[in-house]
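S.K.:
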Amino acid sequence: MLLWTVVVSMTDWVGMNPTWKFAGFKNYKLLFSMPRFWVNMKNNIIWLVVFVVPTGVFGMILAYLLELFPSISRIVRPIYLYPLVVAPIVAGTLWAWFFDPQSGVLNSILDLVNLSNFKAGWIADPKLAVYCMIVAGIWQNLGFALVLYTAAIREIPREHIEAAKVDGANMRQIFFHIVVPEIGHATLIIFSLLVLYTLKVFDLVWIMTRGGPGYATEVLPYLMYRITFRQLLVGMGAAVAVVILMLSIVILIPLSKWMMARWIEE
């Protein structure tokens, strides 16, 4: 299937036409000459930075804190597990309503507490809309990271933590010098999965903004969908898919090597 996608990306195939001709790198040249493509690329990079790091780091910290206070964990467990079972279409609809500039919850709350000066267009503002969707993405995936980190933390031998306490280590020292090194394998897996999520995110974009205003919030998977199924340019759509694949390889291989090296050192 992967090889077939690469082959199709070098053709002029239009989906409704059973015949096609070899086009070489024409689709890639055309794609890289489109300003729209680079906006999509920029948005994917924003997702990688603003979504992956907070979701992974906050998930790790919250998992550690909830393990320290089991009674609180039992109370808040439904709160962080709820987003995991909510269908993406429901989550996207809820957050679109929350950030709606006309009748949304956020602007209504700002009016209610006399902070109208802070009202904004949110998902209607090209500069803010991407970040609004990232907030929705973090809400939807933070529980996922938290659950995996919780499982990893529970695998840490208790004697390591108890020995550190006997030596006078505080919570912060235990976290940085014992917990973080011990869960390095889980961190690699979680961050890799979060990176893959950003490179295939489609549902939130489709539901919350349809890529708008204009194409300000489009990402590469959304561009691939539009080109392939709306414009029926299957060859160019396959070229976008290959770009996404190459981007994931370029990011994940160095990330994996770096994290594995740190894990082995520690």
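In numbering that gives the first Met the number 0, the protein residues as written are 0 to 265. Beta carbons are placed, not taken as given, at the ideal position from N, Cα and C, and that holds for glycine.
Is Thr92 helix, strand or coil when you go by DSSP?
M.R.: If DSSP states are grouped into helix, strand and coil, Thr92 belongs with the helices.
S.K.: Can you tell me the Cβ-Cβ gap for Val204 and Met132, rounded? I've got them flagged as a contact below 8 Å.
M.R.: Their Cβ separation, rounded to whole angstroms, is 6 Å, which keeps Val204 and Met132 in contact under 8 Å.
S.K.: Using the C-alpha atoms, what's the distance from Ser191 back to Ser255?
M.R.: The alpha-carbon atoms of Ser255 and Ser191 are separated by roughly 8 Å.
S.K.: Is it right to say Val6 is buried, meaning 16 or more other beta carbons lie within 10 angstroms of its own, or is it exposed?
M.R.: Exposed, because fewer than 16 other Cβ atoms sit within 10 Å of the Cβ of Val6.
S.K.: Kindly indicate which residue of Met258, Asn106, Tyr224 and Asp166 has the alpha-carbon position closest to the one of Ile243.
M.R.: Nearest C-alpha to Ile243: Tyr224.
S.K.: Going by C-alpha distance, which of Ile137, Met170, Trp121 and Ala123 is nearest Leu64?
M.R.: For Leu64, the nearest C-alpha among the options comes from Met170.
S.K.: How about Met207 and Gly91: do their beta carbons lie closer than 9 Å?
M.R.: A contact, by the Cβ cut-off of 9 Å.
S.K.: By the three-class DSSP mapping on this structure, what secondary structure does Thr10 have?
M.R.: The answer is strand: DSSP assigns Thr10 an E or B state.
S.K.: Distance check for Tyr214 and Pro271, CA to CA, integer angstroms please.
M.R.: This structure cannot speak to residue 271, because the chain is shown only from 0 to 265.
S.K.: Quick check on this structure: which residue in Leu141, Phe201 and Val178 has the alpha carbon closest to the alpha carbon of Ile155?
M.R.: When only C-alpha atoms are compared, the closest one is Val178.
S.K.: Could you give the first and the last residue of the continuous alpha helix (DSSP H) run that contains Asp99?
M.R.: Where Asp99 is concerned, there is no enclosing alpha helix (DSSP H), given that its DSSP letter is neither H nor E.
S.K.: Contact check, Thr197 vs Leu47 under 8 Å by CB: the rounded distance?
M.R.: Yes, Thr197 and Leu47 are in contact; Cβ-Cβ is about 5 Å, under 8 Å.
S.K.: Candidates Leu193, Ser115, Leu219 and Gln230: which alpha carbon is nearest Val51's?
M.R.: Nearest C-alpha to Val51: Leu193.
S.K.: With distances taken between CB atoms, is the gap from Tyr79 to Leu30 smaller than 9 Å?
M.R.: Taking 9 Å as the Cβ cut-off, Tyr79 and Leu30 do not qualify as a contacting pair.
S.K.: Tell me which same chain residues have a C-beta within less than 6 Å of the C-beta of Phe228, skipping the five on either side of it?
M.R.: Counting only Cβ-Cβ distances below 6 Å, and skipping sequence neighbours, we find nothing.
S.K.: Run through DSSP, which three-state label would Phe21 get?
M.R.: Strand, per DSSP.
S.K.: Rounded to the nearest angstrom, what separates Gln139 and Val233 at their Cα positions?
M.R.: Each residue's Cα considered, the two are about 31 Å apart.
S.K.: Is the beta carbon of Leu231 closer than 9 Å to that of Gly14?
M.R.: In contact: Gly14 and Leu231 (Cβ atoms closer than 9 Å).
S.K.: Counting only the same chain and skipping the five closest in sequence on each side, list residues whose C-beta sits under 6 Å from that of Ile45.
M.R.: Excluding sequence neighbours, Ile45 sits near Val129.
S.K.: Give the C-beta separation of Pro212 and Ala123 to the nearest angstrom, bearing in mind that I take them to be a contact with Cβ-Cβ under 8 Å.
M.R.: About 6 Å separates the two Cβ atoms, so the contact holds.
S.K.: I'd like the span of the alpha helix (DSSP H) that includes Lys164, first residue to last.
M.R.: Taken as a continuous stretch (DSSP letters only), the alpha helix (DSSP H) holding Lys164 covers Arg157 to Val165.
S.K.: Name the residue from Met9, Trp19, Ser8 and Met40 whose alpha carbon lies nearest to the alpha carbon of Lys199.
M.R.: Of the candidates Met9, Trp19, Ser8 and Met40, the one whose C-alpha sits nearest the C-alpha of Lys199 is Met40.
S.K.: Around the Cβ of Trp37, are there at least 16 other Cβ atoms within 10 angstroms (buried) or fewer (exposed)?
M.R.: By the 10 Å Cβ count, Trp37 comes out exposed.
S.K.: How is Asp124 classed by DSSP in three states: helix, strand or coil?
M.R.: It is coil, neither helix nor strand.
S.K.: When the Cα atoms are used, what is the spatial distance from Thr216 to Gly210?
M.R.: Cα-Cα distance, rounded: 5 Å.
S.K.: With distances taken between CB atoms, is the gap from Leu127 to Gly120 smaller than 9 Å?
M.R.: In this structure, Gly120 lies closer than 9 Å to Leu127 by Cβ.
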